[in-house]
Amino acid sequence: MSAAATTRDARGAAAQDAAALDAAAQDAADRAARFLDLENAPFTLPGSRILVQRTDGGVTVRLAEYERRLDDCVVVRALRVFGADGRVAEIADVRPESIAFDGGATLTFDGQRALSLGGGSRWTVELTVPGAVGALDAAQAGDASGAWAPGLPPAGEASWTATGADDLLMREVGGDTVVRLSFPGGDGSQLRIALGASTAENAEASHASGAPHASALAATTSVWADWFARTPRVRADLADLTAFCWWVLGANIVTLPGRGDARAVVPSKIGYVGLWQWDAYFIAAGLRHGAPELAREQLALAFGFPTPDGQLPDVVHDDGVLASSDDLPPGDRDTLRRAGSSIADPSAPIPLTKPPLAAWALRSLEGLIDDPAWFDEAWETVARSQEWWFAHSDLDGDGMPEYGHPYSSGLDDSPVFDGELPVASPDLAAYLILQDDLLASRARSVGDTAAAERHAARAERTLALLEAMWDDAAGFFRSRGAGTPLSAETAVSLLPLLTGRLPGRIVSRMLEALDDPDRFATPWAIPTVAARDADFSAERMWRGPVWVNINALIAEGLAVSGHADRSRELVEATLRLVQHAGGPHEYFNPLIGRRAKTATTSFGWSAALCVDLAVRASG
98 MSAAATTRDA RGAAAQDAAA LDAAAQDAAD RAARFLDLEN APFTLPGSRI LVQRTDGGVT
158 VRLAEYERRL DDCVVVRALR VFGADGRVAE IADVRPESIA FDGGATLTFD GQRALSLGGG
218 SRWTVELTVP GAVGALDAAQ AGDASGAWAP GLPPAGEASW TATGADDLLM REVGGDTVVR
278 LSFPGGDGSQ LRIALGASTA ENAEASHASG APHASALAAT TSVWADWFAR TPRVRADLAD
338 LTAFCWWVLG ANIVTLPGRG DARAVVPSKI GYVGLWQWDA YFIAAGLRHG APELAREQLA
398 LAFGFPTPDG QLPDVVHDDG VLASSDDLPP GDRDTLRRAG SSIADPSAPI PLTKPPLAAW
458 ALRSLEGLID DPAWFDEAWE TVARSQEWWF AHSDLDGDGM PEYGHPYSSG LDDSPVFDGE
518 LPVASPDLAA YLILQDDLLA SRARSVGDTA AAERHAARAE RTLALLEAMW DDAAGFFRSR
578 GAGTPLSAET AVSLLPLLTG RLPGRIVSRM LEALDDPDRF ATPWAIPTVA ARDADFSAER
638 MWRGPVWVNI NALIAEGLAV SGHADRSREL VEATLRLVQH AGGPHEYFNP LIGRRAKTAT
698 TSFGWSAALC VDLAVRASG
């Protein structure tokens with residue numbers, strides 16, 4: 098075969114591969130679109146803070162900001178589209194790249210900080226914005242623009258620019274401004290809403306293309322196509338759920354301006370707009386299957402701001418970190434201190450972190466990222482964090498670190514924190530054993546025998562202390578509050594399975610608990626508090642509802658404890674639960690298998706771990 102023929106064949110194969118990739122991305126986007134309701138799943142774009150949600154007869158535009166309620170972050174109170182007949186144009190279709198209205202007009206993104214409305218046949222838009230709109234740059238037919246201040250520092254000034262409008266009316270209603278614009282439709286019609294841009298800057302961006310709305314729609318479609326092209330392949334019956342979960346992970350990407358525009362996949366743009374350490378670990382576990390570099394970025398952020406003594410912060414956000422009570426406003430600091438440990442120095446800051454699963458998360462990226470120097474540094478950070486737990490969080494000096502505050506457990510409302518602090522909990526012991534085991538393995542792999550022996554010896558000591566927490570009469574590991582055994586039976590008593598080193602008799606008793614309808618065999622398992630426990634609540638956070646991360650950890654624990662079949666059963670049951678409930682919510686009612694009433698939606702670690710479990714189930 099000639100060189101030219103070989104080149105033609107290679108090009109043909111590449112074209113076929115590209116076509117297959119495009120088709121796979123389109124299929125994933127189509128599957129995800131079935132879940133986009135503008136309520137549980139808002140319209141957004143990877144990297145953007147803008148959220149578009151359904152409201153009466155139209156949509157509302159909000160910003161997602163750290164520790165601010167969505168209702169306090171309204172940019173556009175209402176955007177309503179009307180057809181040529183003057184009637185409200187209902188939302189006809191929602192896709193990752195656009196919202197389509199009856200009559201053909203579509204709403205899409207124009208970059209991360211702007212929205213574009215255009216296309217279709219003749220239409221009118223009514224824009225209600227909080228406060229007054231500044232003086233119009235033009236108030237005649239054709240082009241017009243205006244600006245307003247939403248009262249949100251990240252947004253600064255917001256502005257709108259109309260291209261091709263043939264009618265304009267403005268009025269004040271109850272302190273808001275209503276702008277009504279009519280357009281003939283087609284490529285020359287566009288309303289562009291921009292955040293942090295003056296009217297002049299907005300107009301310049303709008304006029305950068307001869308068909309500005311079509312260009313914006315094409316660019317947004319391309320962003321999502323690139324993301325969906327990375328969707329992991331799974332079994333056919335899991336494809337819809339996986340595509341939606343992959344959308345959630347893309348939708349939850351924000352940039353952190355105070356961190357050099359680092360990309361953080363936040364738990365949810367609806368309520369949790371920051372990088373929580375624990376969440377980052379679980380989110381990385383799912384991202385690694387299609388976006389390993391983005392998974393690495395989550396760990397780099399989580400590992401990037403240790404204290405001098407090695408503690409990793411609870412949260413990394415736009416303006417800093419949350420690593421202690423000193424990082425909170427005075428009122429929140431006093432409230433947090435009242436819930437803290439009586440053993441701790443009352444004049445000292447209360448450390449705030451999250452459970453030590455750093456090594457668990459880091460191990461999941463090995464073999465996927467070719468950067469030995471980064472891994473060396475990351476493992477050193479994990480080792481220093483492990484030392485912090487034993488040196489600074491063993492508050493009673495018995496060799497077993499404790500949670501000095503509920504926030505550091507990730508299980509804030511669990512009944513194990515109803516009594517006195519600090520709490521020695523079997524989940525923390527299990528995480529520390531696993532982390533020392535992984536650190537020992539890492540040390541052996543790089544020839545550091547002394548460090549390997551040190552980590553292995555400490556893991557053995559912690560394992561002995563963990564086994565001493567077993568209550569044979571009750572049949573579960575008891576947490577201790579300020580040294581006193583606690584009565585609550587919770588899912589943390591099952592997490593020692595993660596060590597893979599429990600005596601067989603204890604594992605058998607734990608399996609009995611998992612099979613008991615009065616304990617953990619609820620209709621939709623695994624509840625975070627045993628069903629028979631006085632503190633069980635099917636709806637209250639960490640006091641009964643099912644959490645995907647707890648199920649995933651217990652499934653892993655079953656596998657490493659010699660019960661692979663039981664592990665697979667739990668994986669499948671967890672995926673069925675999320676399918677039944679309509680998507681990856683924050684937590685689920687274990688009796689009816691639906692989203693708990695107070696749980697947020699499109700939740701990052703639920704989505705990521707569903708991706709991970711779906712890949713595992715499809716292997």
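Residue numbers for the sequence shown, in the numbering used here: 98 to 716. By construction, the Cβ of each residue, glycine as well, lies at the ideal position given by its N, Cα and C atoms.
Open item on the list: Distance check for Phe-341 and Cys-707, CA to CA, integer angstroms please.
Closed with: 10 Å
TODO: Using alpha carbons as the reference points, say which of Trp-245, Arg-184, Arg-192 and Ala-455 lies closest to Val-222.
DONE: Arg-184
Task: The beta strand (DSSP E) enclosing Glu-683, as first and last residue numbers - done: No beta strand (DSSP E) contains Glu-683, which DSSP labels as neither H nor E.
- [ ] Please list the segments of the alpha helix (DSSP H) lying wholly inside the segment 318-361, counting only runs of 4 or more residues, in order along the chain.
- [x] 336-348
- [ ] Give the single residue among Asp-124, Ala-585, Trp-245 and Ala-381 whose Cα lies nearest to the Cα of Asn-349.
- [x] Ala-381
- [ ] Rounded to whole angstroms, what's the CA-CA distance from Gly-272 to Gly-228? Just pull it up for me.
- [x] 6 Å
Task: Under the three-state DSSP convention, the category Leu-528 falls into - done: Contrary to the premise, residue 528 reads as Tyr rather than Leu in this sequence. Helix.
TODO: Return the chain-ordered list of same chain residues with a C-beta closer than 6 Å to the C-beta of Ala-232, the five sequence neighbours on each side being excluded.
DONE: For Ala-232, the pLDDT reaches just 45, beneath the cut-off of 50, and the residue's location in the model is therefore unreliable, although a value from the coordinates is still provided. If we look at Ala-232 and ignore the five residues flanking it on each side, it has no Cβ neighbours.
TODO: Leaving aside the five residues before and after Thr-225 along the sequence, list all residues of the same chain whose C-beta is less than 6 Å from its C-beta, in chain order.
DONE: Arg-174, Ala-175, Asp-273 and Val-275
TODO: Excluding the 5 residues preceding and the 5 following Gly-496 in the sequence, name in chain order all residues of the same chain whose CB lies nearer than 7 Å to its CB.
DONE: Arg-558 and Leu-562
Task: Residues near Met-267 by beta carbon distance below 6 Å, same chain, minus five either side - done: Val-276
TODO: Have a look at Thr-205 and Ser-699 and give me their C-alpha separation to the nearest angstrom.
DONE: Each residue's Cα considered, the two are about 20 Å apart.
TODO: Determine, using beta carbons only, whether Ile-603 and Trp-567 come nearer to each other than 7 Å.
DONE: yes
- [ ] Could you tell me the boundaries of the alpha helix (DSSP H) in which Asp-612 lies?
- [x] Here the alpha helix (DSSP H) through Asp-612 covers 601-612.
TODO: Keeping to the same chain, check which residues put their C-beta closer than 6 Å to that of Val-156; ignore five residues upstream and five downstream.
DONE: Setting aside the 5 residues that flank it on each side, Val-156 is surrounded in the same chain by Val-149 and Leu-176, each with a C-beta closer than 6 Å to its C-beta; the list follows chain order.
Open item on the list: Does Val-543 come out as helix, strand or coil in the three-state DSSP assignment?
Closed with: Of the three classes helix, strand and coil, the one that applies to Val-543 here is coil, per DSSP.
TODO: Would you mind stating whether Pro-498 and Trp-485 have Cβ atoms separated by less than 7 Å?
DONE: Against a cut-off of 7 Å, the Cβ pair of Trp-485 and Pro-498 comes out as no contact.
- [ ] Can you tell me the Cβ-Cβ gap for Leu-672 and Ala-711, rounded? I've got them flagged as a contact below 8 Å.
- [x] 6 Å
Open item on the list: Is it buried or exposed, Ser-658, if we count other Cβ atoms within 10 angstroms and call 16 or more buried?
Closed with: buried
Task: Limits of the alpha helix (DSSP H) - the one that His-489 falls within - done: Where His-489 is concerned, the enclosing alpha helix (DSSP H) starts and stops at 469-489.
Task: N-terminal and C-terminal residue of the beta strand (DSSP E) that Ala-570 is part of - done: Per DSSP, Ala-570 belongs to no beta strand (DSSP E) and is neither H nor E.
TODO: Give me the Cα-Cα distance between His-552 and Leu-314, rounded to the nearest whole angstrom.
DONE: 54 Å
Task: 8 Å contact criterion, which Val-345 and Leu-372 should meet: CB distance rounded - done: Not quite, the Cβ-Cβ distance comes to about 16 Å (not below 8 Å), so this is no contact.
Task: Gln-150, DSSP secondary structure in three states - done: strand
Open item on the list: For Trp-324 and Lys-366, I'd like the C-alpha separation in whole angstroms.
Closed with: 18 Å
- [ ] Report yes if the C-beta distance between Trp-718 and Phe-379 is below 7 Å; otherwise report no.
- [x] Not covered by the structure: residue 718. The range shown for the chain is 98 to 716.
TODO: Take Arg-640 and list the residues in its own chain whose beta-carbon comes closer than 8 Å to its own, dropping the five residues that flank it on each side.
DONE: Asp-510, Ser-511, Pro-512, Thr-625, Val-626, Asp-632, Phe-633 and Ser-634
- [ ] Tell me, please, which residues DSSP counts as bridged to Glu-301.
- [x] BP columns for Glu-301 are empty, so no partner.
TODO: Return helix, strand or coil for Ala-262, following the three-state DSSP convention.
DONE: strand
TODO: Report the rounded CA-to-CA distance for Ala-111 versus Ser-195, giving the unit in angstroms.
DONE: Residue confidence is low: Ala-111 scores 41 on pLDDT, short of 50, so the model does not pin down where it sits. Its coordinate-derived value is still stated next. Roughly 30 Å between the two C-alpha positions.
TODO: With Phe-179 as the anchor, note down where its alpha helix (DSSP H) starts and where it stops.
DONE: No alpha helix (DSSP H) holds Phe-179; the beta strand (DSSP E) holding it covers 171-179.
Task: C-beta atoms of Cys-170 and Glu-164 nearer than 7 Å - done: no
TODO: Give every residue of the same chain whose Cβ lies closer than 6 Å to the Cβ of Ser-286, excluding the five residues on either side of it in the sequence, and list them in chain order.
DONE: Gly-215, Gly-261 and Phe-280
Open item on the list: My output table needs one value for Ser-703: the three-state DSSP class, helix, strand or coil.
Closed with: helix
Task: Nearest neighbour of Pro-452, chosen from Asp-406, Thr-141, Glu-653 and Gln-532 [CA to CA] - done: Gln-532
Open item on the list: By the three-class DSSP mapping on this structure, what secondary structure does Trp-639 have?
Closed with: coil
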